[in-house]
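Written below as structure tokens is the structure these notes are about.
There are 2 protein chains.
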Amino acid sequence: MPDELRLAFLGFGNVGRALARLLESKRTSLEANYGMCLRVIGVATGRHGSIIRPEGVNMLQAIETVEEGQPLSSLGTSGPADSLAFLQAVEADALLESIPVNYQTGQPALGCIEAALKRGMHVISANKGPVVHGYQRLTELARQYGVRYLFESAVMDGAPIFSLWREALPAGELKSFRGILNSTTNLILTQMEQGRSYEQALAHAQAIGVAETDPSGDILGWDAAVKVAALVTVLMNMPLTPDRVARRGIDGLSLDHIQAAAHEGKRWKLICSAERTAGHIEARVQPELIDAADPLYTVMGTSSAITFVTDVLPWLTITEGDPGPMTTAYGMLADLVRAAGAL
Amino acid sequence: MPDELRLAFLGFGNVGRALARLLESKRTSLEANYGMCLRVIGVATGRHGSIIRPEGVNMLQAIETVEEGQPLSSLGTSGPADSLAFLQAVEADALLESIPVNYQTGQPALGCIEAALKRGMHVISANKGPVVHGYQRLTELARQYGVRYLFESAVMDGAPIFSLWREALPAGELKSFRGILNSTTNLILTQMEQGRSYEQALAHAQAIGVAETDPSGDILGWDAAVKVAALVTVLMNMPLTPDRVARRGIDGLSLDHIQAAAHEGKRWKLICSAERTAGHIEARVQPELIDAADPLYTVMGTSSAITFVTDVLPWLTITEGDPGPMTTAYGMLADLVRAAGAL
Numbered sequence: 271m272p273d274e275l276r277l278a279f280l281g282f283g284n285v286g287r288a289l290a291r292l293l294e295s296k297r298t299s300l301e302a303n304y305g306m307c308l309r310v311i312g313v314a315t316g317r318h319g320s321i322i323r324p325e326g327v328n329m330l331q332a333i334e335t336v337e338e339g340q341p342l343s344s345l346g347t348s349g350p351a352d353s354l355a356f357l358q359a360v361e362a363d364a365l366l367e368s369i370p371v372n373y374q375t376g377q378p379a380l381g382c383i384e385a386a387l388k389r390g391m392h393v394i395s396a397n398k399g400p401v402v403h404g405y406q407r408l409t410e411l412a413r414q415y416g417v418r419y420l421f422e423s424a425v426m427d428g429a430p431i432f433s434l435w436r437e438a439l440p441a442g443e444l445k446s447f448r449g450i451l452n453s454t455t456n457l458i459l460t461q462m463e464q465g466r467s468y469e470q471a472l473a474h475a476q477a478i479g480v481a482e483t484d485p486s487g488d489i490l491g492w493d494a495a496v497k498v499a500a501l502v503t504v505l506m507n508m509p510l511t512p513d514r515v516a517r518r519g520i521d522g523l524s525l526d527h528i529q530a531a532a533h534e535g536k537r538w539k540l541i542c543s544a545e546r547t548a549g550h551i552e553a554r555v556q557p558e559l560i561d562a563a564d565p566l567y568t569v570m571g572t573s574s575a576i577t578f579v580t581d582v583l584p585w586l587t588i589t590e591g592d593p594g595p596m597t598t599a600y601g602m603l604a605d606l607v608r609a610a611g612a613l
Numbered sequence: 271m272p273d274e275l276r277l278a279f280l281g282f283g284n285v286g287r288a289l290a291r292l293l294e295s296k297r298t299s300l301e302a303n304y305g306m307c308l309r310v311i312g313v314a315t316g317r318h319g320s321i322i323r324p325e326g327v328n329m330l331q332a333i334e335t336v337e338e339g340q341p342l343s344s345l346g347t348s349g350p351a352d353s354l355a356f357l358q359a360v361e362a363d364a365l366l367e368s369i370p371v372n373y374q375t376g377q378p379a380l381g382c383i384e385a386a387l388k389r390g391m392h393v394i395s396a397n398k399g400p401v402v403h404g405y406q407r408l409t410e411l412a413r414q415y416g417v418r419y420l421f422e423s424a425v426m427d428g429a430p431i432f433s434l435w436r437e438a439l440p441a442g443e444l445k446s447f448r449g450i451l452n453s454t455t456n457l458i459l460t461q462m463e464q465g466r467s468y469e470q471a472l473a474h475a476q477a478i479g480v481a482e483t484d485p486s487g488d489i490l491g492w493d494a495a496v497k498v499a500a501l502v503t504v505l506m507n508m509p510l511t512p513d514r515v516a517r518r519g520i521d522g523l524s525l526d527h528i529q530a531a532a533h534e535g536k537r538w539k540l541i542c543s544a545e546r547t548a549g550h551i552e553a554r555v556q557p558e559l560i561d562a563a564d565p566l567y568t569v570m571g572t573s574s575a576i577t578f579v580t581d582v583l584p585w586l587t588i589t590e591g592d593p594g595p596m597t598t599a600y601g602m603l604a605d606l607v608r609a610a611g612a613l
């Protein structure tokens with residue numbers, strides 16, 4: 271009989287619900303291949319209340335309830351409305367966290383992750399904010415309480431980036447990286463290359479749910495800078511906050527720039543990069559002209575990619591195509607398998 | 271005090287010697303970061319005899335001796351000339367195997383790996399032949415003897431492919447893959463695109479040590495077919511031998527074909543692919559026209575790449591740049607860290 275793992279969801283938006291669906295569809299294979307038997311015992315949302323049910327929440331019902339705009343209390347048992355109160359009340363082994371976060375502070379996720387770790391829960395987080403504002407402290411806290419703090423989905427959705435370095439590239443040293451890590455700007459640049467205006471391209475990105483109503487965090491390079499800071503903090507073991515990443519967004523790029531580049535067989539891309547030089551890190555986000563020989567050249571639309579330069583492999587590029595909530599959800603599932611020690 | 275791991279090298283060509291150098295250069299960090307303390311106690315070569323020295327072989331001397339064309343016995347202690355006799359005599363915890371192999375049989379590596387596993391050694395192999403001819407049996411044997419059989423370097427040198435699936439993509443299902451896995455043919459096609467004839471391009475590939483004197487294994491797609499068979503066998507868990515891979519090499523491609531493709535903004539590449547359809551595998555190696563939107567388009571020279579289509583990530587591409595013996599050696603080092611249980 272496999273061990274049962276009691277789960278709590280904090281955040282039940284597109285990502286949380288995609289994860290709930292993925293866990294249902296993988297239930298049989300997780301039990302057969304990893305001996306993992308999952309029971310969701312709590313779900314906390316931002317706008318639909320929360321539910322705690324130690325005997326197990328019917329997740330298909332919970333998804334339906336939230337998607338119909340109903341409160342979770344309509345399922346019969348209601349939990350605390352406040353996130354921290356929910357975390358104190360739920361007796362889970364692992365927390366699946368995907369709530370909206372302020373990048374400048376990492377809150378409220380940072381406080382919730384800390385509370386969950388202190389209650390002895392593994393924390394699987396989809397957020398990069400807590401990584402840049404608390405990686406070392408949260409990792410140390412997890413160690414003290416004998417649990418894991420994992421966040422594969424924080425950068426490049428479910429593509430294995432942090433786990434690649436932790437598990438697949440042992441004893442290698444990361445010297446520098448260069449990548450395309452923001453989907454909104456890459457989609458806008460792709461659309462502009464196809465002749466749309468910036469305004470049309472942005473409207474399209476908003477219409478398909480990639481760009482937010484206020485797109486400035488993406489356009490000005492803030493989202494990308496937070497990702498650079500998270501990668502440097504974890505993979506280069508050098509704590510770096512986003513404000514220390516030199517940053518220029520795509521707001522200075524016109525249709526003329528993009529068409530002139532295309533004419534020369536090149537493309538403007540918002541490039542995220544960092545280089546370690548004698549104990550010092552140079553980190554930046556800026557538009558760069560990419561030529562057709564670069565693996566980043568073919569990264570179009572919402573796809574993303576990163577090239578690692580290491581002391582043991584001259585370079586290695588990971589490209590992730592067509593991400594979405596299900597991709598982010600998969601990164602969290604992979605972390606859950608790791609946290610369960612089932613690998 | 272970290273545990274000591276006693277190592278034996280079987281094969282001491284470019285890859286074996288690069289690995290010996292890498293182990294020396296990583297000695298301090300392996301001990302500090304992974305608690306691994308390594309001692310090489312035996313080296314067996316094809317043409318320079320062997321040495322067994324339980325108190326430790328001076329590896330810089332061993333490298334120098336072989337590179338000067340001297341027999342290892344000139345270092346003072348000589349071991350058995352026969353590989354199997356060497357494996358019976360050496361009391362190692364792990365074998366680092368990189369000997370020349372017949373792809374059609376996997377021998378003599380297959381027999382050596384089996385012998386080493388049965389003596390309770392972990393086996394780290396750089397060869398794909400034993401994978402396609404003995405993966406399930408060797409893996410089961412390793413399990414019986416409480417050791418590991420690992421072969422990250424068998425496909426795409428040191429790029430993490432097998433470990434990616436084993437450790438970084440848990441609970442995912444591989445539906446299909448498509449890649450460029452043979453360096454010689456990709457280098458020849460790259461050179462022909464730059465205007466060289468097939469003969470000039472081949473001569474260049476031979477001059478820089480990428481192509482063999484008899485290049486037919488590469489040109490006719492055999493090397494690529496063995497790699498496809500290895501990937502299907504391990505990653506799709508469906509044993510497949512290379513003769514069941516539909517195969518066409520690059521011998522039918524002329525300079526005209528390549529220039530005509532370039533004129534349309536496309537490239538001919540030798541594409542390795544496999545797709546799982548209802549319990550059945552379609553596997554092939556053939557030249558295909560690749561357009562500029564494909565991540566395989568920018569893979570030039572000796573670089574290689576593979577795109578995975580999975581049930582959890584729409585697609586993920588791994589591209590490895592500028593491989594060489596050091597890259598292959600790194601894949602073996604990564605496997606050694608795994609075998610030591612140090613991850």
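The listed protein sequences correspond, in order, to chains A and B. In terms of this note's numbering, the first sequence opens at residue 271 and continues consecutively. In terms of this note's numbering, the second sequence opens at residue 271 and continues consecutively. Each residue gets a CB set at the ideal place from its N, CA and C atoms; glycine is no exception.
8 Å CB neighbourhood of residue i in its chain, flanking five on each side removed
| i | result |
| --- | --- |
| residue 375 of chain B | 399 and 403 |
| residue 385 of chain A | 354, 357 and 358 |
| residue 475 of chain B | 454, 457, 458, 461, 481 and 485 |
| residue 341 of chain B | 318, 319, 335 and 348 |
CB-CB length for residue i against residue j, believed under 8 Å
| i | j | result |
| --- | --- | --- |
| residue 447 of chain B | residue 579 of chain B | 7 Å |
| residue 233 of chain A | residue 356 of chain A | A question about residue 233 of chain A goes unanswered here, because the residues of chain A that appear run from 271 up to 613. |
| residue 419 of chain B | residue 393 of chain B | 5 Å |
| residue 499 of chain A | residue 511 of chain A | 6 Å |
| residue 504 of chain B | residue 607 of chain B | About 19 Å; that fails the 8 Å criterion. |
| residue 293 of chain A | residue 600 of chain A | 11 Å between Cβ atoms; not a contact. |
| residue 352 of chain B | residue 275 of chain B | About 25 Å; that fails the 8 Å criterion. |
| residue 290 of chain B | residue 440 of chain A | So it is not a contact: roughly 18 Å between Cβ atoms. |
Local conformation of residue i per DSSP, three classes
| i | result |
| --- | --- |
| residue 436 of chain B | helix |
| residue 573 of chain A | coil |
| residue 546 of chain A | strand |
| residue 582 of chain B | coil |
| residue 532 of chain A | helix |
| residue 421 of chain B | coil |
| residue 605 of chain A | helix |
| residue 278 of chain B | strand |
| residue 443 of chain B | coil |
| residue 597 of chain A | helix |
| residue 288 of chain A | helix |
| residue 589 of chain A | strand |
| residue 323 of chain B | coil |
| residue 272 of chain B | Confidence at residue 272 of chain B is low in this model, with a pLDDT of 49, below 50, so the placement of that residue should be treated as unreliable; the coordinate-derived value is given next. Coil at residue 272 of chain B, not helix or strand. |
| residue 526 of chain A | helix |
| residue 342 of chain B | helix |
| residue 333 of chain A | helix |
| residue 562 of chain B | coil |
| residue 308 of chain A | strand |
| residue 297 of chain A | helix |
| residue 553 of chain A | strand |
Own chain partners of residue i with C-beta closer than 7 Å, once the 5 adjacent residues on each side are dropped
| i | result |
| --- | --- |
| residue 331 of chain B | 345 |
| residue 494 of chain B | 451, 452, 540, 542 and 555 |
| residue 612 of chain A | 304, 305 and 306 |
Contacting residues, own chain, Cβ-Cβ under 6 Å from residue i (five flanking each side not counted)
| i | result |
| --- | --- |
| residue 360 of chain A | 278, 312 and 322 |
| residue 582 of chain A | 442 |
| residue 509 of chain A | 503 |
| residue 286 of chain B | 279 and 368 |
Would you call the segment 458-472 of chain B and the segment 521-531 of chain B in contact, with 3 or more CB pairs under 8 Å? Taking 8 Å as the limit for Cβ pairs, the verdict is that the segment 521-531 of chain B does touch the segment 458-472 of chain B.
Could you give the uninterrupted runs of the alpha helix (DSSP H) lying entirely in the segment 456-521 of chain A, keeping only those of 4 residues or more? 468-477, 486-489 and 492-505, all fully within the segment 456-521 of chain A.
Practice item. Pair every Cβ in the segment 470-479 of chain B with every Cβ in the segment 555-566 of chain B, then say whether three or more of these pairs are closer than 8 Å. Key: Fewer than three Cβ pairs drawn from the segment 470-479 of chain B and the segment 555-566 of chain B lie within less than 8 Å of each other, which leaves the two stretches out of contact.
**Message:** Measuring CB atoms only, is the segment 318-334 of chain B touching the segment 581-590 of chain A, in the sense that at least three cross pairs come out at less than 8 Å?
**Reply:** When Cβ pairs closer than 8 Å are counted between the two stretches, the segment 318-334 of chain B is seen not to touch the segment 581-590 of chain A, the count staying below three.
| field | Any 3 or more C-beta pairs closer than 8 Å across the segment 281-296 of chain A and the segment 312-324 of chain A | value | When C-beta atoms of the segment 281-296 of chain A are compared with those of the segment 312-324 of chain A, three or more pairs fall below 8 Å, so the two segments count as touching.
TODO: Check whether the segment 406-416 of chain A touches the segment 424-443 of chain A, taking contact to mean three or more Cβ pairs, one atom from each stretch, closer than 8 Å.
DONE: Output reads no: the segment 424-443 of chain A does not touch the segment 406-416 of chain A.
- Message: Please give me, in chain order, every unbroken run of the beta strand (DSSP E) with length at least 3 that falls completely inside the segment 357-419 of chain A.
- Response: Positions of the beta strand (DSSP E) runs, each at least 3 residues long and wholly inside the segment 357-419 of chain A, are given as 364-367 and 392-395 in order along the chain.
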